[in-house]
Every structure is written in structure tokens, then in C-alpha cells.
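*Asks:*
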Amino acid sequence: MWKTLAIWLTNLSLRFLMTQKEYACFKEALRFAGENNTVARETKYIGKVKHLLSVNRSIKRIVEEGRDRDEIVDAVVHLAVALKYLEGKGRES
Numbered sequence: 005m006w007k008t009l010a011i012w013l014t015n016l017s018l019r020f021l022m023t024q025k026e027y028a029c030f031k032e033a034l035r036f037a038g039e040n041n042t043v044a045r046e047t048k049y050i051g052k053v054k055h056l057l058s059v060n061r062s063i064k065r066i067v068e069e070g071r072d073r074d075e076i077v078d079a080v081v082h083l084a085v086a087l088k089y090l091e092g093k094g095r096e097s
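Heads up: the sequence shown runs through residues 5 to 97, numbered per the numbering used here.
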């Protein structure tokens, strides 16, 4: 329940901090990160490494699908901060 609430509050706060384009990129990157986290989970990496791998794969997929890299820089930074916050102080997840 707390994780769901944290995700909801993070998304809401980021919605007000980002432009419409940045937020659309953020949502897309977050979806990709969720998919890629499933793959990373199987490798038994600690949370930090899993999230870095997810963000890197997310950036690669977004760029490959034709998004301009400059468009997504702010969104990816916010994504990394949100994922780090949800991960919680370096514990294994």
C-alpha cells in the first residue's frame, strides 16, 4: 500500500514539475523501466544496479524509437530520482 501511494504521489508531483512533453517521455520511460526491472530482477543485482540498468535500457529504447535524446534528458533525470526514492536506501529488492 505504501509503495503504491509513494508511486502515485511521485507521479503527481512530477506532473506539475515537468512540461507535457517531458511528462509523456517520463511515463514512457517508467513503463520501459518496469518491463526491464523484471529482467534485471532475475539477475539478483542489488536495487541500485537494477535501476541503473533499467534506466539505460529505457533511454536506448526511447532513442531507438525516434525520440530526440535532448527531449528526454530532464524526464530521465526525474525518472532516476523517482526510482531511487522508491528503491529505498540501497537495500536489495
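Ideal Cβ positions, reconstructed from N, Cα and C, are used throughout, including at glycine. Quantities reported herein were computed from a predicted structural model and do not represent experimental measurements.
#1: At which residues does the alpha helix (DSSP H) containing T23 begin and terminate?
#2: Count the other CB atoms within 10 Å of the CB of S62; is the residue buried (16 or more) or exposed (fewer)?
#3: Where does F20 land, buried or exposed, given buried means 16+ other C-beta within 10 angstroms?
#4: Measuring from the CB of E68, is there a heavy atom of the ligand ADP at a distance below 7 Å?
#5: Which term fits S17, buried or exposed, when burial requires 16 or more other beta carbons within 10 angstroms of its beta carbon?
*Replies:* Quick look at the numbers:
#1: Stepping through the sequence shown from its first residue, residue 23 is reached at position 19. Where T23 is concerned, there is no enclosing alpha helix (DSSP H), given that its DSSP letter is neither H nor E.
#2: Against the sequence shown, residue 62 aligns to sequence position 58. Result: buried.
#3: The sequence position of residue 20 within the sequence shown is 16, counting from 1. Classification for F20: exposed.
#4: Among the components of this structure there are no ligands whatsoever, and the ligand ADP is therefore not found.
#5: The residue given as residue 17 occupies position 13 in the sequence shown. Exposed: under 16 other Cβ atoms inside 10 Å.
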